[in-house]
Amino acid sequence: MSQAASATRETLGFQTEVKQLLHLMIHSLYSNREIFLRELISNASDACDKLRFEALDNGALFESDPELKIRIGFDKAARTLTIIDNGIGMSRDEAIANLGTIAKSGTREFFSHLTGDQKQDANLIGQFGVGFYSSFIVADKVTVLSRRAGLPADQGVKWESGGEGDFSVEQVERAARGTEITLHLREGQDDLLSGWKLRALIRKYSDHIVQSIVMKQEKWDEEKKEQVVTEEDETVNQASALWARPKSEISDEQYREFYKHVGHDFEDPLAWTHARVEGRSEYTQLLYIPAHAPFDLYDRNQRHGVKLYVKRVFIMDDAEQLLPAYLRFVRGVVDSSDLPLNISREILQESKDIEAIRSGCTKKILGLLDDLVANDAEKYKKFWQAFGRVLKEGVAEDMVNRDKVAGLLRFASSHADTTEENVSLADYIARMKEGQEKIYYVTAESFNAAKNSPHLEIFRKKGIEVLLLSDRIDEWVVTHLHEFDGKPLVSVAKGGLDLGKLEDEAEKQEQEREAGEFKELLEKIKKSLGERVKEVRITNRLTDSPACLVADEHDVSGNLARILKAAGQSAPISAPNMEINPKHPVVLRLRYEERKFDDWAAVLFDQALLAEGGQLDDPATFVKRINDLMLAMSLAS
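According to the numbering used here, the stretch in the sequence shown is residues 9 to 645, in order.
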């Protein structure tokens, strides 16, 4: 940051991320250059909304100008385009913070995804949001004049930049509150110096804006043989709340453009729902499901979701009380007829009306997702890829709608060759084997670890499907979801494995016989391993592996213990049970081993721990044992 010689004018350097974004935007988004006007009008509308909200407690902020509006103008001779609002405005510090930096969660991750391919990067930029910086798509210099409502006229600020490495900021006199943005157009942008063109863009992209968007009227000058600007104002947009209009009067294109405004998004939404609810609570909801996940989706404290209005008066952004955290990806508007205009976040938390709205909005979104499942599988697949992990949180957080959420979940399966999660619990139940009474699953740190878990061996042999759960949140899901449609969910790696009718009598008798025949060996292994295991027993899970580790039914699984440890949390320490496969050559050899028995027993345990994704406390000793046993075997032969 360098300071110029002037006492009031400073030249400051852009944040590094802003430089990158400006360069990418100018070069990657040019084919969509028209969106700059939508973005600037959207920002102006937000500024007006914020003033209206702050003025609820301080009416003096309106000063002598209570009618909020947005003005668009152009000057052919100067080749400039202006966007003026009389909203909340900015102080000097706010101008530097809002126009010189990107204070957005996920910024670093966003830039790490950029590829250098202009088309792909354009989509990523759209996901990140473009906002004010889209000005530089069409302008080689941008001048911003602003004064925050409530500050004196001499506290105005002028911000200016050519969109390269730096910007200047200085204190100026400004009588009007709000913000005026002047775009000095690049060569080749002369079509924007046309009232007809600007009106067409406003009606296409910003017709839904609540505030009036005004321009000076134009009329034909016979002498000059051209349109000339008059002094009379004309409102270009409908200037009415889109969500308050009847659905029959709103086109799909208008719905999509309103989403881009309210969601600050570049792409079309995946789906939306629009309804007026009447009854004990009266409100209108227009809710959207985005087509992609924002970069801060997994930050549960970042909320950019649903705007709250009361009788069409903006009250607050991201009113988190309107939807549960697991639906934080939803964007849109809720307009209540019952809430007071001066409602605060604290009051929202205790309001019965808000409880009813929250319940209604939650059911509406879950119903919309159900509709996608039934009628548009490809769209639901896209939704799941973007938001599935977040939706899973609902199983633990929303007891009322737990079954509905569970029905929307998708999982990978041992019956599929890909990592895609495309099996619903209803799908699983529909193809259960005759006599099967349980939904079987295994949790692991990765898809491959789950798919190749030794605990699945008997299930493969019998052709029984097992759900493969490898998201970290899956451990949380199965902790709270104990059954679905009357079928209990059972881990194949916990408790005693009871296959019920899927296990024939001959198999049970064989297992009992082996337990008696190997009783002495089991006791010997238990004595050798000591406190590392609770119990050593004959397995009915394994067909190929020599041993596996099994947690008791109500103990923390090994995978969950590792997840908690990685998150810096302590997990209840409980020794696992060790099950051995009496048909495996290593186990058969162990029956007659004396001199190296303890080494063999320890290696069996460590191998079983590694196979389930665990980490050895002492890898060096494990390697030494393996080497010693290999050497002993080679000498013996």
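Cβ coordinates follow ideal geometry from the N, Cα and C atoms, glycine included.
Extent of the continuous alpha helix (DSSP H) run through residue i
i      : result
GLY368 : 360 to 383
ILE49  : 43 to 63
ASP93  : No alpha helix (DSSP H) contains ASP93, which is instead part of the beta strand (DSSP E) from 88 to 93.
TRP608 : 605 to 619
ARG211 : 203 to 213
THR487 : 480 to 488
Residues of its chain near residue i, where Cβ-Cβ distance is below 7 Å and the 5 sequence neighbours each way are ignored
i      : result
VAL595 : PRO554, ILE588 and ASN589
GLU290 : SER345 and ASP346
PHE526 : ILE546 and PRO590
THR462 : Contrary to the premise, residue 462 reads as Pro rather than Thr in this sequence. Cβ neighbours of PRO462 beyond the five flanking positions: LEU550, SER553, CYS556 and ALA619.
CA-to-CA distance, residue j to residue i, given in whole angstroms
i      : j      : result
ILE189 : SER220 : 17 Å
GLY158 : PHE61  : 14 Å
SER99  : LEU107 : 12 Å
SER113 : ASN51  : Residue confidence is low: SER113 scores 47 on pLDDT, short of 50, so the model does not pin down where it sits. No coordinate-derived value is stated.
GLU328 : LEU316 : 10 Å
LEU646 : GLU620 : The shown model of the chain, from 9 to 645, leaves out residue 646, and the question about it has no answer.
GLY45  : ILE210 : Reading off the sequence, residue 45 comes out as Leu, not Gly. Going from the Cα of LEU45 to the Cα of ILE210 covers about 8 Å.
GLY170 : ASP148 : 5 Å
ARG597 : ARG603 : 12 Å
ILE351 : GLN179 : 35 Å
LEU75  : ASN66  : Note that residue 75 is Glu in the sequence shown, not Leu. Near 16 Å, if we compare the C-alpha coordinates of ASN66 and GLU75.
VAL321 : ASP563 : 53 Å
LYS27  : ILE104 : 15 Å
HIS216 : ASP57  : 14 Å
TRP392 : ILE297 : 11 Å
LEU331 : GLN357 : 12 Å
ILE437 : ASN460 : 23 Å
ALA523 : PRO302 : 55 Å
LYS212 : SER259 : 12 Å
ALA208 : VAL244 : 9 Å
LEU20  : ASP229 : 46 Å
TRP167 : LEU153 : 7 Å
ASP54  : THR88  : 23 Å
ARG155 : ALA283 : 39 Å
VAL498 : CYS369 : 33 Å
Local Cβ density within 10 Å of residue i, reported as buried at 16 or more and exposed below that
i      : result
GLY566 : buried
SER454 : exposed
HIS488 : exposed
ARG651 : Limits of the chain in this structure are 9 at one end and 645 at the other, which puts residue 651 out of reach.
ASN635 : exposed
ALA111 : Its pLDDT being 49, under 50, ALA111 is placed unreliably in this model, and the value from its coordinates should be taken loosely. Its Cβ having fewer than 16 others within 10 Å, ALA111 is exposed.
VAL314 : buried
TRP204 : exposed
MET646 : What the structure shows of the chain is the stretch from 9 to 645, and residue 646 is not part of that stretch, so it cannot be assessed.
SER256 : exposed
LEU305 : buried
ASP625 : exposed
PRO277 : buried
GLN577 : exposed
In DSSP terms, what residue i is bridged to
i      : result
PHE668 : This structure does not reach residue 668, given that the chain is present from 9 up to 645, and the question cannot be answered.
LEU227 : It should be noted that the sequence gives Lys, not Leu, for residue 227. Beta-bridge pairing links LYS227 to VAL236.
TRP167 : VAL152 and VAL177
GLN357 : DSSP, once it has assigned bridges, lists no residue as partnering GLN357.
SER220 : LYS77
ALA424 : DSSP, once it has assigned bridges, lists no residue as partnering ALA424.
GLU242 : MET223
GLU281 : First, the residue type needs correcting, since residue 281 is Thr and not Glu in the sequence shown. BP columns for THR281 point to LEU295.
Same chain, Cβ closer than 8 Å to residue i, five either side skipped, listed in chain order
i      : result
GLU239 : LYS224
LEU417 : GLY396, LEU399, LYS400, VAL403, SER432, LEU433 and VAL485
LEU374 : ASN409, LYS412, VAL413 and LEU416
SER582 : LYS542, ALA559, ASP560, ASP563 and VAL564
VAL222 : LYS77, ILE78, ARG79, ILE80, ASP241, GLU242, THR243 and VAL244
CB contact check: residue i to chain D, cutoff 9 Å
i     : result
ALA63 : Absent from the structure is chain D; it holds one protein chain and no more.
Beta-carbon proximity list for residue i, same chain, < 6 Å, skipping 5 on both sides
i      : result
GLY503 : GLU561
THR451 : LEU477, ASP482, GLU483 and ASN567
GLU445 : GLY508
Residue i - containing beta strand (DSSP E), residue span
i      : result
PHE322 : 321 to 324
TYR296 : 291 to 297
SER536 : Careful: SER536 lies outside any beta strand (DSSP E), inside the alpha helix (DSSP H) at 527 to 537.
LYS502 : That residue, LYS502, is in no beta strand (DSSP E); it is neither H nor E in DSSP.
VAL314 : 314 to 318
ASN585 : 585 to 588
ILE351 : From DSSP, ILE351 is part of no beta strand (DSSP E); its letter is neither H nor E.
THR451 : 447 to 451
VAL544 : 544 to 546
VAL342 : 339 to 344
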